[in-house]
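Novice:
Structure (structure tokens):
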């Protein structure tokens, strides 16, 4: 029997615990306890109030509470009076009170209006800060401040430049310059800008690269001309050109015959022999052209007139062109090397007049 009673009690305890936990979670336990406490306290409070009213203690307690309230209010007012008194004394000592009293009513009215505006601006700022509008306005303000700082820096630079120009005298020269010079400078600057734009467009379109290639080719041609000129000068100083022009006609005919035979036997000969035959033919042709040029000039009397006048520019130009062509083709250096290795040849009487004329040239 005891075991069953204990089991029932334990089951009741578990149910009570579960009910209390459920009530605590949903909040009904607090309200139930509050109602139960009020139900107990209210009758006691009513009895105490009735007893205090009958004995007069309630009235005295109420009067004491009112006195405490009045004393606290009096203390607060006294503190405010003290603060106002100290502020007035400080204003009198610093002279702010006198300035305030000496101000006309209009200024006071404007100050009150400005104070109202400050209050409205403060409330607007608070609302903007709450709504997120203040941040957007602050970013715009920051951008405006940055632009203003950049403008100020530009003003400072312009001011320093003007001061330097004044100290160095450049500003005075610029101001004293006539309008025509200034116009020419502006036109020159415009031309520089146009040239820069043209160069950029040429780089984009590839025209500048073509010009660079053409310039390179012109430089190579100029180098070849310089080499031909130096070769001619070396031949003139060493006497090789004189030997070249003083070769007899028989040697020329033999070289022509050799060149023709080389042309006929070109298929059976090796490549080296064929190339030497071609060089000989080109060389003999060049000698013949130059020799005929001098003979024609002598026959027409141009050579004697040129010698008398001391001007051989036309003949020299034609000879230089022939020499340049021979130097570019590689014929002239080969002939000079051949003459160096062969040694001096005897002149024939038939070639003496031509040689004399050429030596005079």
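Numbering (full-length UniProt numbering), first residue to last: 1 to 361.
Cβ coordinates follow ideal geometry from the N, Cα and C atoms, glycine included.
None of these values were measured; they are calculated from a predicted model.
What are the start and end residues of each continuous alpha helix (DSSP H) run of 4 or more residues lying completely inside the segment 2-26, in chain order?
Specialist: Qualifying alpha helix (DSSP H) stretches, in chain order: 2-26.
Novice: Once the 5 residues before and after residue 112 are set aside, which same chain residues still bring their CB inside 7 Å of it?
Specialist: No residues qualify anywhere along the chain.
Novice: In chain order, what are the residue ranges of uninterrupted alpha helix (DSSP H) at least 4 long that sit wholly in the segment 139-212?
Specialist: With a minimum length of 4 residues, the continuous alpha helix (DSSP H) runs that stay inside the segment 139-212 are 170-176 and 179-205.
Novice: Pull up the distance between the alpha-carbon of residue 11 and that of residue 50, whole angstroms please.
Specialist: If I take the Cα positions, the gap works out to 47 Å.
Novice: I'd like the list of long-range same chain contacts for residue 58, defined as Cβ closer than 7 Å, with 5 residues on each side in sequence excluded.
Specialist: Cβ within range, chain order: 49 and 52.
Novice: Is residue 122 helix, strand or coil when you go by DSSP?
Specialist: Residue 122 falls in the helix class under three-state DSSP.
Novice: Taking the C-alpha atoms as reference points, what is the distance between residue 85 and residue 141?
Specialist: Rounded to the nearest angstrom, the two C-alpha atoms are 43 Å apart.
Novice: Residues in the same chain with beta-carbon distance under 8 Å from residue 4, minus the five sequence neighbours each way, listed in chain order, please.
Specialist: For residue 4, where only same-chain residues beyond five positions count, there are no Cβ hits under 8 Å.
Novice: Just to confirm my understanding: we take residue 88, look at its own chain, exclude 5 residues before and 5 after, and list those with CB closer than 8 Å. What are they?
Specialist: 97, listed in sequence order.
Novice: Between which two residues does the alpha helix (DSSP H) holding residue 76 run?
Specialist: 57-94 is the extent of the alpha helix (DSSP H) around residue 76.
Novice: What number of angstroms, rounded off, separates the C-alpha of residue 199 from the C-alpha of residue 188?
Specialist: Taking the straight line joining both Cα atoms gives about 16 Å.
Novice: For residue 74, count neighbouring Cβ atoms within 10 angstroms of its own Cβ and tell me buried if that reaches 16, exposed if not.
Specialist: So residue 74 counts as exposed.
Novice: Excluding sequence positions up to five away, which residues of its chain have a Cβ less than 7 Å from the Cβ of residue 149?
Specialist: There are no such residues.
Novice: If I measure Cβ to Cβ from residue 376 and keep anything under 7 Å in the same chain, skipping five residues before and after, which residues do I get?
Specialist: A query on residue 376 cannot be resolved here, the shown segment of the chain reaching from 1 to 361 and no further.
Novice: How long is the line joining the alpha carbons of residue 145 and residue 163, rounded to whole angstroms?
Specialist: Each residue's alpha carbon lies about 27 Å from the other.
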